[in-house]
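Visitor: The following block contains the structure, expressed as structure tokens.
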């Protein structure tokens, strides 16, 4: 959905998984093993890329599984204090069993980059997955929850309109 939104509103999008996969390949982790700090380093790069654009006043989309809301909120608040932006969060939720089935179905498929230890991650995060949603980051700004249980559970056109409205508001700030 982040890529679709980015194309529709013509904004750059940075995803945690995209950066992780790029680093995984660049460091030849399939041959050399995964460095223990690859995950945290990926988030550091994500915030660095975001800060580079925010410093120029450029809006952007940051996409990821922000499963540690206290830590991720603190990192985004640091950016918010430095660059005075109005956050707009899209929080996807679904039935927890449906979400678990989706994670299991894509694990180890060609749809998923080889660098993700999905089955291990699913086992470690099963309780959180079964909740079907995450806590929004404590940043202020607008939070839009969408139900992704089925392709028709939410109105993409309505979401797109809300994103356009939020972007217009940033221009008039």
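Residue numbers (the working numbering): 31 to 203.
We put the beta carbon where it would ideally sit given N, CA and C, even for glycine.
Check whether the segment 135-148 touches the segment 189-197, taking contact to mean three or more Cβ pairs, one atom from each stretch, closer than 8 Å.
Guide: Flag = no, the segment 135-148 and the segment 189-197 do not touch.
Visitor: Straight-line CA distance for residue 47 to residue 202?
Guide: Rounded to the nearest angstrom, the two C-alpha atoms are 33 Å apart.
Visitor: Which residues mark the beginning and the end of the alpha helix (DSSP H) in which residue 159 is found?
Guide: Residue 159 -> alpha helix (DSSP H) spans 148-161.
Visitor: Ends of the alpha helix (DSSP H) at residue 73?
Guide: Element bounds for residue 73: 68-84.
Visitor: Judging by CA-CA distance, which residue of 133, 124, 80 is the nearest neighbour of residue 115?
Guide: Ranking the options by Cα distance to residue 115, first place goes to 80.
Visitor: For the candidate residues 159, 134, 154, 128, whose alpha-carbon lies nearest to that of residue 178?
Guide: Among 159, 134, 154, 128, the Cα nearest to that of residue 178 belongs to 128.
Visitor: Going by other Cβ atoms of all chains shown within 10 Å of its Cβ, with 16 needed for buried, is residue 54 buried or exposed?
Guide: Under this definition residue 54 is a buried residue.
Visitor: With distances taken between CB atoms, is the gap from residue 93 to residue 43 smaller than 8 Å?
Guide: Closer than 8 Å, so yes.
Visitor: Mapping the DSSP letters down to three states, classify residue 88 as helix, strand or coil.
Guide: Note: residue 88 maps to coil in three-state DSSP.
Visitor: Check whether the segment 102-110 touches the segment 154-174, taking contact to mean three or more Cβ pairs, one atom from each stretch, closer than 8 Å.
Guide: Yes: the two stretches touch, three or more of their Cβ pairs being nearer than 8 Å.
Visitor: Pull up the distance between the alpha-carbon of residue 146 and that of residue 163, whole angstroms please.
Guide: Using only the alpha carbons, I get a separation of about 21 Å.
Visitor: Give the straight-line distance between the Cα atoms of residue 150 and residue 76, rounded to the nearest whole angstrom.
Guide: C-alpha separation (whole angstroms): 23 Å.
Visitor: Can you tell me where the alpha helix (DSSP H) holding residue 106 begins and where it ends?
Guide: 99-113 is the extent of the alpha helix (DSSP H) around residue 106.
Visitor: Can you list, in chain order, the residues of its chain whose CB lies under 7 Å from that of residue 72, leaving out five sequence neighbours each side?
Guide: Hits under 7 Å: 46, 49, 50, 53.
Visitor: Counting C-beta neighbours from all protein chains within 10 Å, is the total for residue 200 16 or more, i.e. buried, or is it exposed?
Guide: By the neighbour-count rule (16 or more Cβ atoms within 10 Å), residue 200 is not buried but exposed.
Visitor: Quick check: the Cα distance between residue 134 and residue 187, rounded to an integer number of angstroms?
Guide: Cα to Cα, the separation comes out at about 29 Å.
Visitor: In angstroms, rounded to a whole number, what distance separates the CA positions of residue 70 and residue 89?
Guide: Their Cα atoms are separated by approximately 24 Å.
Visitor: If you draw a straight line from the C-alpha of residue 64 to the C-alpha of residue 96, how long is it?
Guide: Each residue's alpha carbon lies about 21 Å from the other.
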